[in-house]
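Enquirer: To start, I am sharing the structure in question, which I have written as structure tokens.
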Amino acid sequence: MTDQFSDRDASGDTQQTQRLLDQGFEALEAAVELPPEEAIRLCGQALDLFKRARELAVDDLPLQREARLAVATAFSQRGHHYRYNRNFAGSLADLSQGLSLNPANAVDYYYRAMSYLRNNNPRQARADLIEYLKRGEDEYLRSQAHAHIAELAPGKDDPKAGALHYQTEGVRLNAEASNAVHHRGEDERPDWLGAARLYNQAIEAFNRSRELNPSDRMTSFALIAALKEQAEAYRQLEEYDLAITNYELALEIQPNNGQYLYLKAETLQLAGHTDLAKGIFQDIVATTKDPGLKTRAQNQLAAKPKQVKS
Numbered sequence: 088m089t090d091q092f093s094d095r096d097a098s099g100d101t102q103q104t105q106r107l108l109d110q111g112f113e114a115l116e117a118a119v120e121l122p123p124e125e126a127i128r129l130c131g132q133a134l135d136l137f138k139r140a141r142e143l144a145v146d147d148l149p150l151q152r153e154a155r156l157a158v159a160t161a162f163s164q165r166g167h168h169y170r171y172n173r174n175f176a177g178s179l180a181d182l183s184q185g186l187s188l189n190p191a192n193a194v195d196y197y198y199r200a201m202s203y204l205r206n207n208n209p210r211q212a213r214a215d216l217i218e219y220l221k222r223g224e225d226e227y228l229r230s231q232a233h234a235h236i237a238e239l240a241p242g243k244d245d246p247k248a249g250a251l252h253y254q255t256e257g258v259r260l261n262a263e264a265s266n267a268v269h270h271r272g273e274d275e276r277p278d279w280l281g282a283a284r285l286y287n288q289a290i291e292a293f294n295r296s297r298e299l300n301p302s303d304r305m306t307s308f309a310l311i312a313a314l315k316e317q318a319e320a321y322r323q324l325e326e327y328d329l330a331i332t333n334y335e336l337a338l339e340i341q342p343n344n345g346q347y348l349y350l351k352a353e354t355l356q357l358a359g360h361t362d363l364a365k366g367i368f369q370d371i372v373a374t375t376k377d378p379g380l381k382t383r384a385q386n387q388l389a390a391k392p393k394q395v396k397s
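Here the numbering used here is used: position 68 in the sequence shown is 155, and no number is missing along the way.
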């Protein structure tokens, strides 16, 4: 009998929680079309409903997660309405609450950065813009974030200082990408796709550094290394054309690097471009002074062509 009442209580709590969530989302939807002050009031009502739902869902993990994300959404939406109303302190408080509950909401890092700028806190703004570049994929916001970071970068009036800033960012992102594939737990597979995206960001940073200080050879070496490592990630993902492009970019910087020429030929072969690959291997055999590289190219020419994966 007790179990039966418990089941009824649990069922009733679930229904009540769902009703509260539905009412909260109706309020958020209605707030979208309203002036900021009225929208802020409705978002507050939604927030109260979601908080009550979260309290009721304490024993139902999936529903509790839904309620937590709903609370985060309400904080986020109210934070944006505060921003529209030029209440940047209120915006910062709510966007921060939302991000603490849902750190994956990438776009709020960008807009919290804008509120930090309006609130005369460039250091925190820059940190949020960098965080957005780690997570966000919107090309317009990414370009705006880069522009703001360039404005906020230490030594923005000193090209060499700006170049050093971007070089340091590139090195950090390169290390993150490497960790995504080389420092995984025993049961974790390498995250080649995540690494490729991080290498993209590192390459962007190194290119900006080179634009500001073209004579810094260390940045060029770091860029080449990032291109090579990203190419390996592309090969693992069987994105052979992208890998080939990376080797070609590396060869534009170091035209006489036989290792990258060999890797380009090897990747062409994997992609099914056997005649192009054969021509490059033959050139390597004829011109290289590296006996090890020459032997590897000869072995490729002697080997049976590999079949392209369908």
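For glycine and all other residues, C-beta sits at the position ideal for the given N, C-alpha and C.
Given the structure is predicted, the values throughout are model-derived calculations rather than measurements.
Just the Cα atoms here: how many angstroms apart are Val119 and Ala309?
Expert: Taking the first residue of the sequence shown as position 1, residue 119 is located at position 32. Taking the first residue of the sequence shown as position 1, residue 309 is located at position 222. In a straight line, the C-alpha of Val119 is about 46 Å away from that of Ala309.
Enquirer: Three or more C-beta pairs closer than 8 Å, one from the region 207–216 and one from the region 256–266: is that the case here?
Expert: For the pair of segments examined, the region 207–216 was found not to touch the region 256–266: the number of CB pairs separated by less than 8 Å stays below three.
Enquirer: Go through the region 287–360 residue by residue and report every complete run of the alpha helix (DSSP H) that reaches 4 residues or more, in order.
Expert: 304–323, 327–340, 345–357
Enquirer: Classify Thr374: buried if its beta carbon has 16 or more other beta carbons within 10 angstroms, exposed otherwise.
Expert: Translated into the one-based positions of the sequence shown, residue 374 becomes position 287. The residue is exposed, with fewer than 16 neighbouring Cβ atoms inside 10 Å.
Enquirer: Going straight from the alpha carbon of Val268 to that of Arg284, what length do you get?
Expert: Mapped onto the sequence shown, residue 268 falls at position 181. Mapped onto the sequence shown, residue 284 falls at position 197. Whole-angstrom Cα-Cα distance: 12 Å.
Enquirer: Using 8 Å for Cβ pairs, my map puts Arg383 next to Tyr349. What's the rounded Cβ distance?
Expert: Looking up residue 383 in the sequence shown gives position 296. Looking up residue 349 in the sequence shown gives position 262. Yes, Arg383 and Tyr349 are in contact; Cβ-Cβ is about 7 Å, under 8 Å.
Enquirer: Mind reading off the beta-carbon distance from Gly185 to Ala159? Whole number of angstroms is fine, and I expect it under 8 Å.
Expert: As a first step, residue 185 is located in the sequence shown; it is residue number 98 there, counting from the start. As a first step, residue 159 is located in the sequence shown; it is residue number 72 there, counting from the start. Rounded, the Cβ-Cβ distance is 5 Å, consistent with contact.
Enquirer: Helix, strand or coil, according to DSSP, for Thr101 in the structure here?
Expert: The sequence position of residue 101 within the sequence shown is 14, counting from 1. Here Thr101 sits in helix by DSSP.
Enquirer: Applying the criterion that 16 or more other CB atoms from any shown protein chain within 10 Å of the CB defines a buried residue, is Asp146 buried or exposed?
Expert: Within the sequence shown, residue 146 is the residue found at index 59, counting from 1. So Asp146 counts as exposed.
Enquirer: Looking at the secondary structure, which residues open and close the alpha helix (DSSP H) in which Val268 lies?
Expert: Counted from its first residue, the sequence shown places residue 268 at position 181. Taken as a continuous stretch (DSSP letters only), the alpha helix (DSSP H) holding Val268 covers 246–269.
Enquirer: Check whether the Cβ atoms of Gln103 and Leu134 lie closer than 8 Å to each other.
Expert: Counting from one through the sequence shown, the residue named residue 103 turns up at place 16. Counting from one through the sequence shown, the residue named residue 134 turns up at place 47. No.
Enquirer: Does the distance from the CB of Val372 to the CB of Lys381 come in under 8 Å?
Expert: Here the question's residue 372 lines up with position 285 in the sequence shown. Here the question's residue 381 lines up with position 294 in the sequence shown. Cβ atoms of Val372 and Lys381: closer than 8 Å.
Enquirer: Can you give me the Cβ contacts of Phe162 inside the same chain, cut-off strictly under 8 Å, excluding the 5 residues immediately before and after it?
Expert: Residue 162 sits at position 75 when you count from the first residue of the sequence shown. Contacts found: Leu134, Asp181, Leu182, Gln184, Gly185, Leu188.
Enquirer: Ignore the nearest five residues each way along the sequence and tell me which others in Tyr169's own chain have a CB closer than 7 Å to its CB.
Expert: Here the question's residue 169 lines up with position 82 in the sequence shown. Cβ within range, chain order: Ile127, Gly177, Ser178, Asp181.
Enquirer: Using beta-carbon positions only, say whether Leu355 and Ile331 come within less than 8 Å of one another.
Expert: Along the sequence shown, read from residue 1 onward, the residue named residue 355 stands at position 268. Along the sequence shown, read from residue 1 onward, the residue named residue 331 stands at position 244. Yes.
Enquirer: Start and end of the alpha helix (DSSP H) containing Thr375?
Expert: Here residue 375 refers to the residue found at position 288 of the sequence shown. No alpha helix (DSSP H) holds Thr375; DSSP gives it neither H nor E.
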